[in-house]
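For reference, the structure is listed below as structure tokens.
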Amino acid sequence: MAHFPIVLLILGFVVDLVYLKFRHPGLRAAGLLLLIGGLIGAIAAVLTGVVVKQNAELVLPSLTDFTIHAALGFALLVIVGALAIARVWILVASKSPIILPQVIVGVVAIGLILAVGFYGGRLVYDRGIGVAEGGIYYEIAQEVVELERIRAVTPNAVERGAEAYRRLGCSACHGEQAEGGRGGDLKARKVQEEFYETHGSRNFPPEIVTQEIVDDIGAWLERVRPSSGQDDED
Ligand code: HEC
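Residue numbering for the sequence shown follows this note's numbering, beginning at 1 and increasing consecutively.
See the structure below:
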């Protein structure tokens, strides 16, 4: 969905440049049509983005990338809209095209497109936002939503930690009772400090798995007795 206006706008810009070389009126019309198509696509993408944002607010406490992405997206929309209106007007009023400003605006717009795409890509691929599935952190983000809900009704940090440990799949590598496996033995460990060092840049980025959650898991792990192998949730 979001790729469609990007392709049209970039293609339109390329066609405009070719027009500057060959001056064929058909190219000028094609460039304008691509611009208008790109504008319509961009409007649709922004509307989609607004809806996705409402869902994403549930998923993520930190939305910096989203804010940047949205601000750049709106700026792009304004520039492309103004450019399209100016060009339609020039065409209708049969004025000769004003080349240099148009090329400059075009270059700015391409820069914005790349920036919007970059931040949009970070949202989708790093955070799993806006995709039903497939974002690498999507499932974790979903569990975090659930954990936030549980947090609101569970005053006991140890209980919350046990739940977080289970839901985030720590047990798959560190064992049901933190006895270790593919990852180390975490029984009776205080993990608050080392967790992000090991996992922050890969499996569990701090933007998604917040410090509060790690603190809860740490509170639970500290209570897991090395000897009995039983967890102690009381
Ligand atoms: C895909 C397997 C995997 C999952 C899932 C996983 N870990 Fe790990 N974890 C590891 C491995 C492997 C290491 C050791 C890395 C190393 O030593 O370089 C590790 C290291 C750690 C460390 C550093 C301390 C130590 O003993 O090395 C902590 C703390 C930790 N994990 C906590 C967790 C918690 C909490 C979760 C769940 C939110 C989790 N891990 C999920 C594999 C995993």
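Ideal Cβ placement from N, Cα and C applies to all residues, glycine included.
Cβ shell of residue i (< 7 Å), same chain only, five flanking positions each side left out
i, result
"Glu133", "Confidence at Glu133 is low in this model, with a pLDDT of 49, below 50, so its placement is unreliable and no value can be given for it."
"Ile150", "Arg160, Glu163"
"Gln192", "Val214, Asp215, Gly218"
First and last residue of the uninterrupted alpha helix (DSSP H) at residue i
i, result
"Arg151", "138 to 153"
"Gly73", "64 to 92"
"Phe204", "Where Phe204 is concerned, there is no enclosing alpha helix (DSSP H), given that its DSSP letter is neither H nor E."
"Pro101", "99 to 121"
"Val15", "3 to 22"
"Glu212", "211 to 223"
"Arg160", "157 to 167"
"Ala172", "170 to 174"
Neighbourhood of residue i by C-beta distance below 8 Å, restricted to the same chain and skipping five residues each side
i, result
"Leu20", "Ile99, Val103"
Distance between residue j and residue i (C-alpha atoms, nearest Å)
i, j, result
"Gly73", "Glu143", "29 Å"
"Gly111", "Val209", "32 Å"
"Thr154", "Ile6", "46 Å"
"Ala29", "Phe13", "12 Å"
"Ile79", "Pro205", "35 Å"
"Ile43", "Leu27", "24 Å"
"Val46", "Ala93", "30 Å"
"Leu17", "Gly31", "9 Å"
"Gly200", "Phe66", "20 Å"
"Gly169", "Pro101", "55 Å"
"Ile10", "Gly117", "12 Å"
"Gly81", "Ala109", "11 Å"
Option in the options with minimal Cα separation from residue i
i, options, result
"His3", "Ile40, Leu27, Val18, Gly26", "Ile40"
"Val50", "Ala70, Gly37, Leu35", "Ala70"
"Thr198", "Leu91, Gly183, Arg189", "Gly183"
"Leu147", "Ala109, Trp89, Gln211", "Gln211"
"Asp317", "Gly37, His174, Gly81", "The structure shown does not extend to residue 317, since the chain spans only 1 to 234, so no value can be given for it."
Own chain residues within Cβ distance below 6 Å of residue i, not counting five before or after
i, result
"Arg225", "none"
Contact test: residue i Cβ vs ligand 3 heavy atom, cutoff 7 Å
i, result
"Arg151", "As presented, the structure is devoid of ligand 3, carrying ligand 1 as its sole ligands."
Proximity test, Cβ basis, 8 Å: residue i and chain C
i, result
"Val51", "In the displayed structure, chain C is absent; only one protein chain is listed."
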